[in-house]
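Each protein sequence line maps, in turn, to chains D and U.
Residues in the first sequence are numbered consecutively from 1, following the working numbering.
Residues in the second sequence are numbered consecutively from 333, following the working numbering.
In what follows, a single structure is set out as structure tokens and then discussed.
Number of protein chains: 2
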Amino acid sequence: MDKLNGMDTEGMLKESLEAGRLLVNNHLQSLLDESLTNGHNEVVELAGSVLMAGGKRLRPVLSILAYQLAGGEDEDRVMSMALAFELIHTATLVHDDINDSAKQRRGVATIHEKAGVAKAIIAGDWLFVQGFGLGGSYDSRIVSIMTECCADIASSELKQLNHVNNLATTPEDYYSIIRGKTAGPFAAGCEAAAYIAGASEEETVALRRFGMELGVTFQLVDDLLDILGDERMGKLRGADVVEGKMTLPLIHALTLLHGSSRERLAEIIANFSDNLWSELIDLLNEAGSIEYVRTLTQTHLERGLQELQIFPKSDLRTIIESLAKSVIDRHI
Amino acid sequence: MDKLNGMDTEGMLKESLEAGRLLVNNHLQSLLDESLTNGHNEVVELAGSVLMAGGKRLRPVLSILAYQLAGGEDEDRVMSMALAFELIHTATLVHDDINDSAKQRRGVATIHEKAGVAKAIIAGDWLFVQGFGLGGSYDSRIVSIMTECCADIASSELKQLNHVNNLATTPEDYYSIIRGKTAGPFAAGCEAAAYIAGASEEETVALRRFGMELGVTFQLVDDLLDILGDERMGKLRGADVVEGKMTLPLIHALTLLHGSSRERLAEIIANFSDNLWSELIDLLNEAGSIEYVRTLTQTHLERGLQELQIFPKSDLRTIIESLAKSVIDRHI
């Protein structure tokens, strides 16, 4: 991804993301092709159907950009790690989709839908294994970062399962879950990138923190989209509410409201159906919860951007900053 | 595991296995304890319930013995790899048990039985990740061996699923499945042990082949036990037949029999119930299938032992040889 001169920031960002996405896709496809020649046809086909079904490759592209920002010059050196995290991310999606009985992922049928749960578990395992296989080409610090990240994902997923339909879920519970499950992989990908680039410990920590704040922002935006919907994204609203996942707007409103409003909100969450949407939104607005979470997305984004100040101003830093900002409106 | 003088071979083997088992258990428990202090309580508890529920630790003990036979002198150097394979083995059991709807494993309730499928998938993932985390402390050759082994497991499991109740399964299909799923991990554990010990390429290949033959023997014995049962082991017979898994005695009989015997066998396999046992055994005996598989266990065992001849005779080699032989009667 060359730096681009003479373009506005949005243009630079778009070019950079598109180049990164294509690069990552090419490498992932090569990896699948190589496994095919080793005779793993069916598992490669199943895992590949979700892996290659699109997606913005935000995580690996961010890792590559973080590597460059940290002074890394040979993109090939960071690629295996960036791919490793994408493979592991996809593995968790395949297994999560089983648990959520999801019908589609990235616009195609989920693996358990088309081939059954048994094969979907195995395809997810294969993706995990490929991810760790790539990670093992680095020294043990990278493997430690990956292992800790994955252990945190597992713990937070269990915690999230335990909090389904739990109206007493606190903001602390919520943050602990999303840091482990969503933000942790962003943080780990940035930290690993900095380490591979040979960055100082201070820079490595700054990039880790940037990733964490960006990941938190990402999840908060996801929570808002689940309630507000986003026709541009083709994203259906309400999936989390239906599944009983306690998103921050709900947690906030349950904490803030009292009396009959609190009671009614609890009823709506416990027995949600589509005709309750406008009432739910009214209650969230009464509690100021949507505005509250919107403000928090800004707060976490700004904290993340602050961490980048350790690096000198450059086109690359501007691209990463505008990538971070773009997470809030998800136009990317 | 010190070498023991002045004892008969069986005594040496028993001492060696017991010492190895305790050593492996202590290390696994430390690993769980460390993860507990890192706050991963529930996933550690779930994964630990199956990981620590007993088991002979045949695979990791074999790796340690192979390391020593290959000239390795510092047991600590091979331990992480030996544990890694045991963790991965347990991960596959946890995920397999979901697919087989198994109620018990190693005498305790399976994770999906007591905590649901979602948590069992996550606990299995956690075990995989811990295994690869340990593997990543070695250089990339070890990680490659592990990755390839796990990819083969995944492919063979899919193949096995595709062959459930498939009466046209050939011996070639069967061997391809059990080499990937059962024997491959034995082979990989021995190969990795030799590599860590700094063995020559020739010795490394010999130990890999030994592991593969031993693993095949192990699976053939398992097939026989499924049909003949073994009260000493508390193993229930018939689980494979009920699940429609095509074991070698069945495949052999389906190939050898013809006319009404072949027809009746096909009927029995397709609609098995407990009152058909004696008829099934009669048909297998008519085809000579049980005797055939028994002979094969000897053939593969001897091929494996032959590979060990590359190493000079020693107490240690005798222990490994007698460990291999003991697989056939599973007294160990």
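Glycine included, each C-beta is placed from N, C-alpha and C at the ideal position.
As the structure is a prediction and not an experimental result, all values here were calculated from the model.
For Glu157(D), a Cβ of chain U is located within less than 8 Å of the residue's own Cβ. Assignment of Val164(D) by DSSP, reduced to helix, strand and coil, places it in the coil class. Taking all protein chains shown into account, Ala270(D) has fewer than 16 neighbouring C-beta atoms within 10 Å of its C-beta and is therefore exposed.
If you ignore the 5 residues before and after Ala115(D), its C-beta comes within less than 7 Å of the C-beta of Leu46, all in its own chain and listed in chain order.
Taking 8 Å as the cut-off, the beta carbon of Ala199(D) is found no closer than this to the beta carbon of Ala324(D). Just so you know, the alpha carbons of Pro60(D) and His89(D) end up roughly 10 Å apart.
Exposed is the label assigned to Pro503(U), since fewer than 16 other Cβ atoms lie within 10 Å of its Cβ. Excluding the 5 residues flanking it on each side, Arg626(U) has same chain C-beta neighbours closer than 8 Å at Leu556, in chain order. Ranking Leu51(D), Ser261(D), Leu250(D), Met146(D) by CA distance to the CA of Ser289(D) puts Leu250(D) first. In this structure the segment 274-291 of chain D does not touch the segment 188-202 of chain D; the number of beta carbon pairs closer than 8 Å is below three. Beta-bridge pairing by DSSP links Ala109(D) to Gln104(D).
Residue burial annotation: Met339(U) is exposed, with fewer than 16 other C-beta atoms found within 10 angstroms of its C-beta. With 16 or more neighbouring CB atoms inside 10 Å of its own CB, Gly20(D) falls in the buried class. Around the Cβ of Glu545(U), a 10 Å sphere holds 16 or more other Cβ atoms; the residue is buried.
Nearest neighbour of Phe85(D) by Cα position, chosen from Met246(D), Asp282(D), Ala187(D), turns out to be Ala187(D).
If the five residues before and after Gly180(D) are omitted, its C-beta is found closer than 7 Å to the C-beta atoms of Asp152, Ile153, Ser155, Ser156, all from its own chain and listed in chain order. Sixteen is the threshold: when 16 or more other Cβ atoms of the shown chains lie within 10 Å of the Cβ of Glu191(D), as they do, the residue is buried. For Ala385(U), the secondary structure class from DSSP, reduced to helix, strand or coil, is coil.
Every alpha helix (DSSP H) stretch that sits fully inside the segment 254-289 of chain D and reaches 4 residues is listed by chain position as 259-270, 277-286.
Separation of Ile268(D) and Glu113(D) (C-alpha to C-alpha, rounded to the nearest whole angstrom) is 30 Å. Residues of the segment 493-519 of chain U whose Cβ lies closer than 8 Å to any Cβ of chain D, in chain order: Leu493, Asn494. Less than 8 Å separates the beta-carbon of Ile474(U) from that of Tyr527(U). With respect to the 8 Å criterion, Phe542(U) and Gly404(U) are not classified as neighbours on the basis of their beta carbons. Within the segment 13-83 of chain D, the complete alpha helix (DSSP H) segments at least 4 residues long are 41-51, 58-69, listed from N- to C-terminus. For Arg541(U), the enclosing alpha helix (DSSP H) stretches over residues 533-560. Legend: CB atoms of the segment 451-474 of chain U lying less than 9 Å from CB atoms of chain D belong to residues Lys451, Ile453, Ile454, Ala455, Gly456, Asp457, Trp458, Phe460, Val461, Gln462, Gly463, Phe464, Gly465, Leu466, Gly467, Gly468, Ser469, Tyr470, Asp471, Ser472, Ile474.
Counting only the Cα atoms, Ser260(D) lies some 51 Å from Val129(D). For Arg649(U), the enclosing alpha helix (DSSP H) covers residues 647-661.
In this structure the segment 311-328 of chain D lies against the segment 216-223 of chain D, because at least three pairs of beta carbons, one per stretch, are closer than 8 Å. Taking 7 Å as the cut-off between beta carbons, the residues of the segment 95-112 of chain D near chain U are His95, Ile98, Asn99, in sequence order. Gly131(D) sits in a helix when the DSSP states are folded into three classes. Here the C-alpha atom of Ser140(D) lies approximately 10 Å from the C-alpha atom of Met146(D). For Gly48(D), no chain U residue has a C-beta closer than 9 Å to its own C-beta; the minimum C-beta separation is roughly 13 Å.
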